[in-house]
Amino acid sequence: MSATANNAESVRVEVRNLRKSFGKQSVIKGVSFEVKRGEIFVIMGPSGSGKTVLLKHIIGLEKPDEGEILIEGEPIHSARVRDRYRMAMVFQSGALLNSLSVGENVGLYLIEHRLKSPEEIKKIVAEKLDLVGLQGLEERMPSALSGGMKKRVAIARALVVEPQLILYDEPTSELDPLIAVTIAEEIASLRDRTHATSIVVSHDRDLAFGVADRIAIIHKGEILFIGTPEEVKQHNDPMIQKFIHAAMQSNKKSRAL
Amino acid sequence: MLRGVRQRGGGVGSSLVMFQNIGEMLILFVQALKSLPLAWRHRRKVFDQLFEIGNASLLMACILSLFIGGVLALQAGSVLVERGLSSVIGGMVGVSMCKELGPVMMSILIAGRLGSAMAAEIGSMRVYQEIDALTTMNINPVHYLVLPRVLAMAIGLPLLVIFSIMTGWFGGAAVATFNAKINLSMDGYFNNLREIVEVGDVVHGLIKSFVFALIIGVVSCHQGLVTIGGPRGIGRSVTKAVVNSIILILIMDYILTRVMMFSDFLS
Ligand SMILES: Nc1ncnc2c1ncn2[C@@H]1O[C@H](COP(=O)(O)OP(=O)(O)O)[C@@H](O)[C@H]1O
Ligand SMILES: [Mg+2]
Chain A
1 MSATANNAES
11 VRVEVRNLRK
21 SFGKQSVIKG
31 VSFEVKRGEI
41 FVIMGPSGSG
51 KTVLLKHIIG
61 LEKPDEGEIL
71 IEGEPIHSAR
81 VRDRYRMAMV
91 FQSGALLNSL
101 SVGENVGLYL
111 IEHRLKSPEE
121 IKKIVAEKLD
131 LVGLQGLEER
141 MPSALSGGMK
151 KRVAIARALV
161 VEPQLILYDE
171 PTSELDPLIA
181 VTIAEEIASL
191 RDRTHATSIV
201 VSHDRDLAFG
211 VADRIAIIHK
221 GEILFIGTPE
231 EVKQHNDPMI
241 QKFIHAAMQS
251 NKKSRAL
Chain B
258 MLRGVRQRGG
268 GVGSSLVMFQ
278 NIGEMLILFV
288 QALKSLPLAW
298 RHRRKVFDQL
308 FEIGNASLLM
318 ACILSLFIGG
328 VLALQAGSVL
338 VERGLSSVIG
348 GMVGVSMCKE
358 LGPVMMSILI
368 AGRLGSAMAA
378 EIGSMRVYQE
388 IDALTTMNIN
398 PVHYLVLPRV
408 LAMAIGLPLL
418 VIFSIMTGWF
428 GGAAVATFNA
438 KINLSMDGYF
448 NNLREIVEVG
458 DVVHGLIKSF
468 VFALIIGVVS
478 CHQGLVTIGG
488 PRGIGRSVTK
498 AVVNSIILIL
508 IMDYILTRVM
518 MFSDFLS
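Sequence order for the protein chains is A and B.
Residue numbers 1 to 257, in this note's numbering, belong to the letters of the first sequence in order.
Residue numbers 258 to 524, in this note's numbering, belong to the letters of the second sequence in order.
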């Protein structure tokens with residue numbers, strides 16, 4: 001990685017003592033961590049532990065009550081950061097624009113920022129749709145897609161941005177195991193191709209242990225542990241073991257079926 | 258964008274919320290105004306919205322205006338005939354349609370028909386995180402959503418009002434001619450109308466409708482953007498968009514009428 005500013009340069013993310021409450025409910029209770037340039041950082045934790053809220057803070061959709069998010073040392077809410085770094089988020093629900101076709105959704109970033117000619121955009125859109133296994137669906141409307149397909153379109157839409165920082169919110173939930181593996185491979189290969197820094201929220205143990213450089217375990221708005229997949233497996237905190245173990249059990253169940 | 262402010266202001270008194278609303282709407286209006294140089298880039302969306310306005314309202318506007326013109330002629334006519342003043346019916350219907358009924362009725366129609374649709378569409382985009390998705394792609398929701406809608410309103414509504422004024426005149430003419438009690442000639446009606454209605458009266462109506470269009474556009478988009486909660490939140494936003502638009506239109510109608518009377522008096 002070179003220190004000079006070029007397009008392929010990925011970004012470092014720092015989360016410092018983040019706190020957030022909605023009304024009386026404290027959702028994030030003082031979270032700090034750092035994600036290195038080009039790292040795949042996986043956040044695991046039970047439902048309702050504040051993972052989505054955390055991601056929204058990292059990309060600047062929510063304002064923290066306390067603490068800060070730094071992208072390459074600059075606060076995410078400074079106007080420069082958005083113009084300077086390309087970032088993308090794959091939302092848990094996909095968050096496709098319902099009034100646009102699949103093709104228009106995937107090409108939206110390029111169309112709105114007028115980065116490419118219409119023919120080039122068409123080509124790129126087809127290519128990215130191919131990548132997520134949805135070739136030829138450009139004309140479909142989002143309402144005619146299944147939940148899993150929507151999510152894959154959302155991933156294609158994020159890939160089009162060629163992001164330096166990409167956030168995935170449960171990218172493999174609702175997907176069948178075969179597609180889940182493809183998506184996991186794509187997460188890793190995007191990083192290998194472009195050195196994008198990736199933050200992945202997931203319950204999917206196979207995904208987490210397959211692609212992560214480091215894993216953070218979050219529970220009730222607090223980070224319990226951060227470490228490499230090996231370290232997480234060997235860690236003997238009962239809470240962490242219970243969570244990973246539960247994930248394994250449910251995996252066994254689904255295999256038995 | 259607007260949401261952060263809203264969450265903190267959630268529990269306070271309603272008058273404070275009203276001022277907060279007005280403040281946010283003014284901010285939104287200024288943001289939309291500032292983005293006006295980008296209008297050409299977003300022309301496709303402006304045309305789409307204009308088409309929507311025409312498509313959704315032209316037939317209804319036609320029927321509504323015909324009957325408004327008709328009822329004006331009928332009500333005023335029966336009084337005027339008794340006093341032997343039937344010759345001024347044309348002028349009376351003409352001026353009322355231009356200055357008051359055309360702009361106000363069309364604006365209320367459009368607030369109900371399109372303001373609600375705008376609030377619902379933008380509200381559901383807020384609730385289903387589509388606006389968040391735009392933001393993460395560094396696409397400004399004000400440029401992408403608000404500008405085309407407010408602009409299309411500001412162009413479309415005055416056009417619709419011109420159409421409504423003329424249809425209203427014909428509605429009045431039809432009643433004045435065919436009603437046995439009034440029994441005016443078509444020529445007589447229109448001669449009187451031409452004599453009394455000035456270009457200034459039409460301009461008066463167009464200025465009003467332009468302001469009303471901005472009110473509908475900004476109020477509806479604002480309500481959409483600040484939607485919170487699920488489908489029920491969207492419903493709430495739609496109701497608020499329509500009710501607040503109509504209230505503001507009627508208040509502004511009085512103010513504008515007063516101001517323009519004053520400036521007429523000066524000139
Ligand atoms: N906008 C919001 N307003 C109020 N509460 C919220 C909001 N967003 C999230 N929450 C609450 O924060 C908690 C954590 O949510 P979330 O981050 O979505 O969990 P998860 O880890 O499953 O992604 C939940 O209890 C949720 O109800
Ligand atoms: Mg979540």
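Glycine is no exception: its CB is placed at the ideal position from the N, C-alpha and C atoms.
Every value quoted in this text rests on a predicted model; they were computed, and no experiment measured them.
Helix, strand or coil for residue i? Go by DSSP, reduced to three states.
i: alanine 296/B; result: coil
i: glycine 50/A; result: coil
i: methionine 141/A; result: coil
i: threonine 496/B; result: helix
i: proline 75/A; result: strand
i: methionine 394/B; result: coil
i: arginine 16/A; result: strand
i: glycine 38/A; result: coil
i: serine 93/A; result: coil
i: valine 274/B; result: helix
i: glutamine 25/A; result: strand
i: serine 32/A; result: strand
i: leucine 167/A; result: strand
i: threonine 172/A; result: coil
Might you give, ordered along the chain, the residues of its own chain that have their beta carbon closer than 7 Å to the beta carbon of residue i, omitting 5 neighbours on each side?
i: serine 373/B; result: Val495, Ala498 and Val499
i: leucine 510/B; result: The residue asked about is misnamed: residue 510/B is aspartate in this sequence, not leucine. Cβ neighbours of aspartate 510/B beyond the five flanking positions: Val361 and Lys465.
i: glutamine 92/A; result: Thr52, Asp169 and Glu170
i: glycine 45/A; result: Lys51, Ile217, Ile218 and His219
Would you please verify whether the beta carbon of residue i is less than 8 Å from any beta carbon of chain B?
i: methionine 87/A; result: yes
i: tyrosine 109/A; result: yes
i: isoleucine 187/A; result: no
i: phenylalanine 91/A; result: yes
i: glutamate 72/A; result: no
i: isoleucine 59/A; result: yes
i: leucine 97/A; result: yes
i: arginine 82/A; result: yes
i: glutamate 9/A; result: no
i: glutamate 112/A; result: yes
Considering Cα atoms alone, identify which of the options is closest to residue i.
i: aspartate 192/A; options: Asp213/A, Glu231/A, Gln234/A and Leu96/A; result: Asp213/A
i: isoleucine 258/A; options: Ile240/A, His195/A and Gly221/A; result: Lying before the first or after the last residue shown, residue 258/A is absent from chain A, which here runs from 1 to 257.
i: leucine 145/A; options: Ser101/A, Glu112/A, Val13/A and Ala158/A; result: Ser101/A
i: methionine 394/B; options: Lys24/A, Leu97/A and Asp130/A; result: Leu97/A
i: isoleucine 43/A; options: Glu185/A, Gln234/A, Glu231/A and Tyr168/A; result: Tyr168/A
i: phenylalanine 472/B; options: Thr424/B, Ala318/B, Gly380/B and Leu371/B; result: Rather than phenylalanine, the amino acid found at residue 472/B in this sequence is isoleucine. When each option's Cα is compared against that of isoleucine 472/B, the closest is Leu371/B.
i: isoleucine 412/B; options: Gly492/B, Gly486/B, Glu387/B and Leu463/B; result: Leu463/B
i: tyrosine 85/A; options: Phe209/A, Pro118/A, Arg37/A and Lys20/A; result: Arg37/A
i: leucine 54/A; options: Ile111/A, Ile199/A, Thr194/A and Pro177/A; result: Ile199/A
i: isoleucine 226/A; options: Ile58/A, Val160/A, Glu14/A and Phe41/A; result: Phe41/A
i: leucine 155/A; options: Thr228/A, Glu34/A and Tyr109/A; result: Position check: residue 155/A holds isoleucine in this sequence, whereas leucine was assumed. Here the closest residue by C-alpha is Tyr109/A.
Determine, using beta carbons only, whether residue i comes closer than 8 Å to chain A.
i: tyrosine 385/B; result: yes
i: threonine 484/B; result: no
i: methionine 394/B; result: yes
i: tyrosine 511/B; result: no
i: alanine 313/B; result: no
i: alanine 376/B; result: no
i: aspartate 389/B; result: yes
i: tyrosine 446/B; result: no
When you measure from the CB of residue i to every non-hydrogen atom of ligand 1, does any distance come out below 7 Å?
i: serine 49/A; result: yes
i: threonine 52/A; result: yes
i: glutamine 288/B; result: no
i: glycine 136/A; result: no
i: phenylalanine 22/A; result: yes
i: glutamine 25/A; result: yes
i: glycine 45/A; result: yes
Is residue i near ligand 2, in the sense that its beta carbon is under 7 Å from a heavy atom of that ligand?
i: aspartate 389/B; result: no
i: glutamine 386/B; result: no
i: glutamate 170/A; result: yes
i: glutamine 92/A; result: yes
Ignore the nearest five residues each way along the sequence and tell me which others in residue i's own chain have a CB closer than 6 Å to its CB.
i: arginine 16/A; result: Ser32, Gly67 and Glu68
i: alanine 180/A; result: Thr172
i: glutamate 139/A; result: Ser101
By Cβ distance below 8 Å, which residues in the same chain neighbour residue i in space, the five residues on each side in sequence not counted?
i: phenylalanine 324/B; result: Gly428
i: alanine 256/A; result: For alanine 256/A, the predicted model reports a pLDDT of 49, less than 50, meaning its position is unreliable and no value from the coordinates is stated.
i: serine 335/B; result: Lys438 and Ile439
Short-range partners of chain C found in the region 155 to 171 of chain A, where Cβ spacing is below 7 Å:
Absent from the structure is chain C; the protein chains it does hold are A and B.
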